[in-house]
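K.L.:
Quick one: the structure is below, and I'll ask about it shortly.
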Amino acid sequence: VGKKLARALKREFIDTDKIIENRAGKTISDIFADDGEIYFRDLEAEVIRDISGKENSVIITGGGAVLRDENINNLKKNGIIFCLKALPEIIYNRVRNDIKRPLLQVENPLEKIKEMLEQRKKYYDKADYIIDTSEMTADEVVKEIRKYFLDKNLKV
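Going by full-length UniProt numbering, the first residue of the sequence shown is number 1, and it counts up by one from there.
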């Protein structure tokens with residue numbers, strides 16, 4: 001969705017996970033395995049702090065970025081936060097073959113997704129706009145976000 005949105009809005013696409021991997025010189029999975037989640041979250045906060053001032057960009061973060069208020073505050077300083085949510089079963093079907101998700105490398109990933117969604121709900125609710133993508137294609141999500149911009153008279 002992020003890349004499609006950036007193309008549609010003619011804006012730069014920024015993936016915080018890619019920047020984190022470049023800075024660390026290893027994959028997210030390896031960061032979690034070698035250094036732990038706290039170290040990863042510290043790197044993530046540093047990256048978000050560094051890029052949050054960029055204008056005319058679409059910044060995508062991992063789902064856990066909102067666990068730190070500083071990340072939410074930094075992202076809101078210069079932009080709008082969209083939360084793309086979905087039913088746990090839909091999320092599971094979308095990510096079940098993605099080995100780059102260290103928090104889901106557990107015996108029952110669907111239960112882990114449900115648990116994480118419950119833990120993160122209060123943080124996700126801080127988004128400026130929440131879109132339930134359960135029954136939407138990526139193109140429909142982009143269209144919905146463009147509509148938000150138009151409804152708010154924001155530059156598209």
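We treat Cβ as the ideally placed atom computed from N, Cα and C, and that holds for glycine.
As the structure is a computational prediction, the values presented were derived from the model and not from experiment.
Starting from residue 4, follow its DSSP beta bridges and name the residues at the other end.
P.N.:
None; residue 4 has no bridge partner.
K.L.:
So residue 56 and residue 12 are supposed to be a Cβ contact under 8 Å. How far apart are they, rounded?
P.N.:
The pair is a contact, with the Cβ atoms about 7 Å apart (cut-off 8 Å).
K.L.:
With H, G and I counted as helix, E and B as strand and the rest as coil, what does DSSP make of residue 135?
P.N.:
Three-state DSSP puts residue 135 in coil, outside helix and strand.
K.L.:
Taking 9 Å as the threshold (C-beta atoms), are residue 138 and residue 1 in contact?
P.N.:
Their beta carbons are under 9 Å apart, which means residue 1 touches residue 138 by this criterion.
K.L.:
CB of residue 86 to nearest heavy atom of the ligand MG: below 8 Å?
P.N.:
Inclusion of the ligand MG in the displayed structure is not the case, the ligand content being empty and no account of it being possible.
K.L.:
Where do the N-terminal and C-terminal ends of the beta strand (DSSP E) with residue 107 fall, by residue?
P.N.:
That residue, residue 107, is in no beta strand (DSSP E); it is neither H nor E in DSSP.
K.L.:
Considering Cα atoms alone, identify which of 79, 31 and 3 is closest to residue 154.
P.N.:
When each option's Cα is compared against that of residue 154, the closest is 79.
K.L.:
Mind reading off the beta-carbon distance from residue 132 to residue 86? Whole number of angstroms is fine, and I expect it under 8 Å.
P.N.:
So it is a contact: roughly 7 Å between Cβ atoms.
K.L.:
Check whether the Cβ atoms of residue 110 and residue 32 lie closer than 9 Å to each other.
P.N.:
Cβ atoms of residue 110 and residue 32: not closer than 9 Å.
K.L.:
What are the boundary residues of the alpha helix (DSSP H) that includes residue 48?
P.N.:
That run of the alpha helix (DSSP H) goes 37–51.
K.L.:
Less than 7 Å between C-beta atoms, sequence neighbours within five positions excluded: which residues of the same chain meet that for residue 90?
P.N.:
Within the same chain, residue 90 has close Cβ partners 134.
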